[in-house]
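Just below is one structure, and these are the notes that go with it.
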Amino acid sequence: MKLAIIGGGISGLYAAWRLAPSHQVSVFEANNYVGGHTHTVDVTVASGRYAVDTGFIVCNDRTYPLFLQFLEELQVGRKATDMSFSVSCARSGLEYNGHNLNTLFAQRRNLLSPRFWKLLRDILRFNALAKAVLRDQAINNEQTLAGFLQQHGFAGDVVSHYLAPMTAAIWSTPLREVSQFPLGFFLQFCDNHGLLNVSDRPQWYVIEGGSRRYVEALLQRLPATVQSGTPVRWVRRHSDSVELTFADDRREHFDQVIFACHSDEALQLLTDPSPEESQVLAAIPYQESEVVLHTDQRLLPKTPRAWAAWNYLLGDEPTGSALPTLTYNMNMLQGIQAPETFCVTLNRSGAIAPEQVLGRYRYAHPQFSKAAVAAQLRHGEISGVRRSHYCGAYWGFGFHEDGVRSAARVVNQLQESR
0 MKLAIIGGGI SGLYAAWRLA PSHQVSVFEA NNYVGGHTHT VDVTVASGRY
50 AVDTGFIVCN DRTYPLFLQF LEELQVGRKA TDMSFSVSCA RSGLEYNGHN
100 LNTLFAQRRN LLSPRFWKLL RDILRFNALA KAVLRDQAIN NEQTLAGFLQ
150 QHGFAGDVVS HYLAPMTAAI WSTPLREVSQ FPLGFFLQFC DNHGLLNVSD
200 RPQWYVIEGG SRRYVEALLQ RLPATVQSGT PVRWVRRHSD SVELTFADDR
250 REHFDQVIFA CHSDEALQLL TDPSPEESQV LAAIPYQESE VVLHTDQRLL
300 PKTPRAWAAW NYLLGDEPTG SALPTLTYNM NMLQGIQAPE TFCVTLNRSG
350 AIAPEQVLGR YRYAHPQFSK AAVAAQLRHG EISGVRRSHY CGAYWGFGFH
400 EDGVRSAARV VNQLQESR
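Per numbering that gives the first Met the number 0, the very first residue in the sequence shown carries number 0; after that it's consecutive.
Following this line, the structure appears as structure tokens:
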């Protein structure tokens, strides 16, 4: 078959990798680079030149089986990394990093703080209760995270200084929106990633030389046409073909189309979406985050012992109302040996010294809700219908493995339909 894949992120690339040996595959990417959220950039500073990841960074040995298998096929190496997480509160001055006892009590005064010890007790109580709920399968499908927290009396610091930062950092979403996640969706993700355990957590990895290495390895061996800087304007389905119209008004016909772009982008491309496509795709919206690569250490905790791989900054805004401010310490994550500290910060560009900015980017993340999780269950109503197929991380938890898994589902569907 002659197949069009719209989107050159992980889902589109994985689908192309699996389908190209048997079909005529063309991948169309709107950006001027291939990779989507996999975006490693070269930066030159006083001490030299470095490759720094700005989007996709890490994977682990527990919840990324398909992606790790993909890396092995591409013969791309990985190395273990630190996935520590810190919280720094501008209002209270509290800073802690949960990596070990030394970093947990980075501020030594917290050893004598009843408030801090209550926070730790509440975290352990939340973890134990969450695991019990999962073990006993005592989850009401209509219950949200907010309802669970209210039901069991979780309030104060455990919400504002632990759950809010953690959930906002994971999904790049304010707590007020994460709190409306279906409870089962939220707790299952936390359990899968070992977030409900003090120990027994997955080993996390980064890709040697930057995440773009797997994209480069794939493009060298992929028997398909891949075009970056080629946005699709419209997709029109006919009884015997699919017609793509590009930004330059060029048109091309294909046997099938795979939408490996975001849900909102796919819906905008369709000239005649079905009611089911409109309902399902609109139920899983995306939200953009502003991302800045820089060397301004002021975006890290003031206490050096509290520095972590992920650093969450709680500002003066009401808890849970603003976009999350998260700073990745890329020297820690990628093992970069440099006198400069490379930081990637989401949603706090105004606080960064302009002379220390190395690059600005925008990445969008799926926003989950009860409606979104319900829509995920309707994949079969729209994918494989009218010569159209849908994949992307938004069909899972929003991460790289979910993109691979959804692409594999589409590939199997196409191969079985031959």
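Ideal Cβ placement from N, Cα and C applies to all residues, glycine included.
No experiment lies behind these values; they were computed from the predicted model shown.
- For the pair residue 3 and residue 255, the Cα-to-Cα distance works out to about 6 Å.
- In this structure, residue 89 lies near residue 312, with their beta-carbon atoms less than 8 Å apart.
- Going by beta carbons, residue 211 and residue 37 fall inside the 8 Å limit.
- The beta strand (DSSP E) runs lying completely inside the region 267-315 and spanning 3 residues or more are 285-293 and 309-313, given in chain order.
- For residue 57, the pairing in a beta bridge is given by DSSP as 205.
- The continuous beta strand (DSSP E) containing residue 363 extends over residues 356-365.
- Within its own chain, the residues whose Cβ lies closer than 7 Å to the Cβ of residue 394, once the five positions on either side in sequence are excluded, are 375, 378, 401 and 405, listed in chain order.
- Residue 13: member of the alpha helix (DSSP H) spanning 9-18, first to last residue.
- Beta-bridge pairing by DSSP links residue 339 to no other residue.
- With 16 or more neighbouring CB atoms inside 10 Å of its own CB, residue 156 falls in the buried class.
- Closest by C-alpha distance to residue 141, out of 415, 65, 91 and 183, is 183.
- Residue pairing by DSSP puts residue 78 in a beta bridge opposite 205.
- Less than 8 Å divides the Cβ of residue 49 from the Cβ of residue 42.
- Residue state for residue 198 is assigned as coil, using DSSP reduced to three classes.
- Note that the C-beta distance between residue 109 and residue 304 is not below 8 Å.
- The beta carbons of residue 341 and residue 51 sit about 5 Å from each other, so the pair counts as a contact at 8 Å.
- Residue 198 and residue 107 have their C-alpha atoms spaced approximately 23 Å apart.
- Taken through DSSP and simplified to helix, strand or coil, residue 416 comes out as coil.
- Taken in chain order, the complete beta strand (DSSP E) segments of 3 or more residues contained in the region 377-408 are 387-389.
- Residue 363 is positioned such that its CB atom lies closer than 8 Å to that of residue 286.
- Burial check for residue 139: the Cβ neighbour count within 10 Å stays below 16, so the residue is exposed.
- Separation of residue 164 and residue 367 (C-alpha to C-alpha, rounded to the nearest whole angstrom) is 17 Å.
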